[in-house]
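There are 2 protein chains.
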Amino acid sequence: MAKSYPMRSTESPQVTNEPSESQRAIQAQCIEIFVSAAAVLGVPRSIGEIYGVIFAAPRPLTFQEIVERLNLSKGSVSQGLRALRSLGAVRTAYVPGDRRDYFEPETELRNLVAGLLRDRINPHLEQAKDRLTRVQQQVTDGGGLNADEAVVLRARLAKLESWRKKSALFLPLITKVLG
Amino acid sequence: MAKSYPMRSTESPQVTNEPSESQRAIQAQCIEIFVSAAAVLGVPRSIGEIYGVIFAAPRPLTFQEIVERLNLSKGSVSQGLRALRSLGAVRTAYVPGDRRDYFEPETELRNLVAGLLRDRINPHLEQAKDRLTRVQQQVTDGGGLNADEAVVLRARLAKLESWRKKSALFLPLITKVLG
DNA sequence: AAGCTTGTTCATTTTTTTCTAAACAAGCTA
DNA sequence: TAGCTTGTTTAGAAAAAAATGAACAAGCTT
Numbered sequence: 231m232a233k234s235y236p237m238r239s240t241e242s243p244q245v246t247n248e249p250s251e252s253q254r255a256i257q258a259q260c261i262e263i264f265v266s267a268a269a270v271l272g273v274p275r276s277i278g279e280i281y282g283v284i285f286a287a288p289r290p291l292t293f294q295e296i297v298e299r300l301n302l303s304k305g306s307v308s309q310g311l312r313a314l315r316s317l318g319a320v321r322t323a324y325v326p327g328d329r330r331d332y333f334e335p336e337t338e339l340r341n342l343v344a345g346l347l348r349d350r351i352n353p354h355l356e357q358a359k360d361r362l363t364r365v366q367q368q369v370t371d372g373g374g375l376n377a378d379e380a381v382v383l384r385a386r387l388a389k390l391e392s393w394r395k396k397s398a399l400f401l402p403l404i405t406k407v408l409g
Numbered sequence: 231m232a233k234s235y236p237m238r239s240t241e242s243p244q245v246t247n248e249p250s251e252s253q254r255a256i257q258a259q260c261i262e263i264f265v266s267a268a269a270v271l272g273v274p275r276s277i278g279e280i281y282g283v284i285f286a287a288p289r290p291l292t293f294q295e296i297v298e299r300l301n302l303s304k305g306s307v308s309q310g311l312r313a314l315r316s317l318g319a320v321r322t323a324y325v326p327g328d329r330r331d332y333f334e335p336e337t338e339l340r341n342l343v344a345g346l347l348r349d350r351i352n353p354h355l356e357q358a359k360d361r362l363t364r365v366q367q368q369v370t371d372g373g374g375l376n377a378d379e380a381v382v383l384r385a386r387l388a389k390l391e392s393w394r395k396k397s398a399l400f401l402p403l404i405t406k407v408l409g
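Here is the structure:
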């Protein structure tokens, strides 16, 4: 299955050796863990696999190696890596004299969490803030709202506002604590 | 669109009045917010809609009302309500002399978060713990592992272990703080 | 028991998401 | 410039998730 692949030049010999059997086994287990984490986070399975294989590799991997070890298409890997880079979960490592990209994992939890907050949570909180303001307007104007009902609705929206505030306050704090 | 629906008896008159126009508008906005939250949390859209319509209603709603206001099938509503009850996000309210279930929202953030932790996060953390232990074994046994590589791998697994510990420590703490 | 109402289950359909593969771009090297 | 290698883009296929609707259960009421 694993295709042998050609060297590009004699002065930059290909150190891309195959992983040992036990390394492969360890890799597989790590991948399982991250695939399951991906499910919890609601991201595609392939993204978990890609992060997993990079995390479990003792040296940075090339694009091609990721494709081969995971049996994924180039397309999936390209997209997955883009997402992971945008989250700050993988970085490219420079290797002198090699045109290819090498990928290594971000291993600081706080940075990973910060990326998730930035890319997934905060945009939602922003949007929710706007929407909430607009609904609160409507309830205050309250044409045709029964008085009792208006009281309950106002209370509900106050709750929602308090959720939003607490989230905006505590979420960024988490990344601090994880230092 | 809204079907009129029959009373069941004269002694338990149907107070199930239609929501006013402004109430309907407010409801729609709330639903939008929760649908978007559902997307962030990676749960089905319909679950966001169902929680939204219950949250935005000034009184507990019946199963039938939820079906009608959202134009969802009974099947979807049944499944969605089951999930929401399991999370502790909606409760049934008892109404004397009425056989139907009435649903009202849990509005305490800490309880909602606690439900998510219990149902979604903790099971993953448990599983990860077992898996991690097993991989650590493998690396320690380390047949056929290059020494340099073994060092890096051990460090990686140590990181993973530290993530797990931090998560297990801080996540439950969050629900405390949200009091 | 027959006939309601209320809600659940589950096989099927629909919709959405994810993956693939082929075409393409960009940058080397010869 | 022709011919590599490396990686991206995207239309369409494949797979997975979600919604539907019809059959079913359970419990009233008469």
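Each protein sequence line maps, in turn, to chains A and B. Heads up: take any position in the first sequence, counting from 1, add 230, and you land on our numbering. Heads up: take any position in the second sequence, counting from 1, add 230, and you land on our numbering. For glycine and all other residues, C-beta sits at the position ideal for the given N, C-alpha and C.
- Going by C-alpha positions, N341 (chain B) is about 11 Å away from I404 (chain B).
- Between G282 (chain A) and F264 (chain A) the beta-carbon gap is near 4 Å, inside 8 Å, which marks them as a contact.
- E334 (chain A) is bridged by DSSP to A:R321.
- For A313 (chain A), the CB contacts under 7 Å within the same chain, skipping 5 residues up- and downstream, are I277 in chain order.
- Between the C-alpha atoms of P249 (chain B) and D331 (chain A) there is a straight-line separation of about 59 Å.
- Counting only unbroken stretches of 4 or more residues, the alpha helix (DSSP H) elements lying wholly within the region 247-271 of chain B are 251-271, in sequence order.
- The secondary-structure analysis by DSSP pairs L291 (chain B) across a beta bridge with B:F333.
- A straight line joining the alpha-carbon of R394 (chain B) with that of G373 (chain A) spans about 52 Å.
- Interface criterion met: the Cβ of V365 (chain A) is under 8 Å from a Cβ in chain B.
- Here the alpha carbon of D371 (chain B) sits roughly 12 Å from the alpha carbon of Q253 (chain A).
- Judged by DSSP in its simplified three-state form, A286 (chain B) adopts coil rather than helix or strand.
- In this structure, K396 (chain B) keeps its C-beta atom at 8 Å or more from the C-beta atom of L347 (chain A).
- Only buried fits P288 (chain B), as 16 or more other CB atoms lie within 10 angstroms of its CB.
- With a beta-carbon spacing of about 25 Å, L317 (chain A) and D360 (chain A) fall beyond the 8 Å limit used to define contacts.
- By the 16-neighbour rule on beta-carbons within 10 angstroms, F285 (chain B) is buried.
- A direct Cα-to-Cα measurement between S303 (chain A) and A255 (chain A) gives close to 22 Å.
- In the structure shown, L302 (chain B) adopts coil according to DSSP, grouped into three states.
- Interface annotation for the region 373-388 of chain B against chain A: G373, G374, L375, N376, D378, E379, A380, V381, V382, L383, A385, R386 and L387, criterion Cβ-Cβ distance under 9 Å.
- In the assembly as shown, L387 (chain B) is a buried residue. Its beta-carbon has 16 or more other beta-carbons within 10 Å.
- Within the same chain, V265, A268 and A269 come within 8 Å of R275 (chain A) by CB-CB distance, once the 5 residues on both sides are set aside.
- Following the DSSP letters along the chain, one finds R350 (chain A) in no alpha helix (DSSP H), marked with neither H nor E.
- In terms of Cα proximity to Q259 (chain A), the closest of B:V365, B:A380 and B:D328 is B:V365.
- For F400 (chain B), the residues of chain A that pass the 9 Å Cβ criterion are I404, V407 and L408, in the order they occur in the chain.
- In this structure, A380 (chain A) lies near V369 (chain A), with their beta-carbon atoms less than 8 Å apart.
- Between L362 (chain A) and L390 (chain A) the beta-carbon gap is near 6 Å, inside 8 Å, which marks them as a contact.
- In the structure shown, the three-state DSSP call for N341 (chain A) is helix.
- Inter-residue distance for A323 (chain A) and L291 (chain A) is about 9 Å (C-alpha atoms, whole angstroms).
- Residue contact with chain A for A268 (chain B): absent (no Cβ-Cβ distance below 8 Å to any residue of chain A).
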